[in-house]
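Enquirer: In terms of UniProt numbering, the sequence shown has 150 at position 150, counting the first letter as 1, and numbering is strictly consecutive.
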Amino acid sequence: MSVSKRPPGVKSAHLVIDSTGLKVFGERRVESQKAWQERRRIWRKLHLAVDSKTHEIICADLSLNNVTDSEAFPGLIRQTHRKIRSAAADGAYDTRLCHDELRRKKISALIPPRKGAGYWPGEYADRNRAVANQRMTGSNARWKWTTDYNRRSIAETAMYRVKQLFGGSLTLRDYDGQVAELWPWYER
């Protein structure tokens, strides 16, 4: 998969990251709820990183359904060749794996800590500030407002656009075919 190059005049990007499930084989929801049916449901996860200013999809990854968001995150971030100032993602990405990858690329992390989260020793300043704010105010609401975390909804808008193109499902059976089915809209 290729990654888009930096457009002229854009110095650094603020990424917003999210993922969504895509059904495989066009299975209908009603059929999957029948108790007598033993058919295994198969789906894939599409992970997107979107520039919050231009709404451009910077990088994308398709994973199997057993891969968590935080496990797919490092591969997604490694695809970027732009200068990235910060990255916003939901609480599913609040893991050391994700924070370490962001620190390695010198990207400011805008990931809300889980409720009741503790401080992490070492160089996790972004996360520890968010935890301190959570403890002082009792929630992440003020932190989200001061860090402009609400821009993360742009990733959900991008997911909507992608699902409008595909109808939320993939038609090919093998993984390589599914990747090939998804990437024509992404290639620039």
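Glycine included, every Cβ here is placed at the ideal spot set by N, Cα and C.
1. Take Gly118 and list the residues in its own chain whose beta-carbon comes closer than 8 Å to its own, dropping the five residues that flank it on each side.
2. Starting from Thr137, trace the alpha helix (DSSP H) in both directions and tell me its first and last residue.
3. Scan the stretch 41-103 and note each continuous beta strand (DSSP E) run of 3 residues or more that stays entirely inside, going in chain order.
4. By the 10 Å Cβ neighbour count, where 16 or more other Cβ atoms means buried, how is His14 classified, buried or exposed?
5. In its own chain, which residues sit with a C-beta less than 7 Å from the C-beta of Thr95, not counting the 5 before and 5 after it?
6. Around the Cβ of Pro113, are there at least 16 other Cβ atoms within 10 angstroms (buried) or fewer (exposed)?
7. In whole angstroms, give me the CA-to-CA distance for Leu182 and Thr146.
8. Using the DSSP secondary-structure output, state which residues sit across from Thr20 in a beta bridge.
9. Tell me which residues share the same chain as Gln164 and place their Cβ nearer than 6 Å to its Cβ, disregarding the 5 neighbours each side in the sequence.
10. Per DSSP, what kind of secondary structure is Leu110 in: helix, strand or coil?
11. By Cβ distance below 6 Å, which residues in the same chain neighbour Asn140 in space, the five residues on each side in sequence not counted?
12. With 16 as the cutoff for other CB atoms within 10 Å, does Glu123 come out buried or exposed?
13. What's the gap between the Cα of Lys83 and the Cα of Thr68?
Expert: The relevant details are as follows:
1. Val131
2. Per DSSP, Thr137 belongs to the alpha helix (DSSP H) from Ala125 to Thr137.
3. As far as the stretch 41-103 is concerned, its whole beta strand (DSSP E) runs of at least 3 residues are 43-51, 57-64 and 84-88.
4. buried
5. Ser70
6. buried
7. 36 Å
8. Residue pairing for Thr20: DSSP places it in a beta bridge opposite Leu46.
9. none
10. strand
11. So the list reads Pro112 and Gln134, once near-sequence residues are dropped.
12. exposed
13. 26 Å
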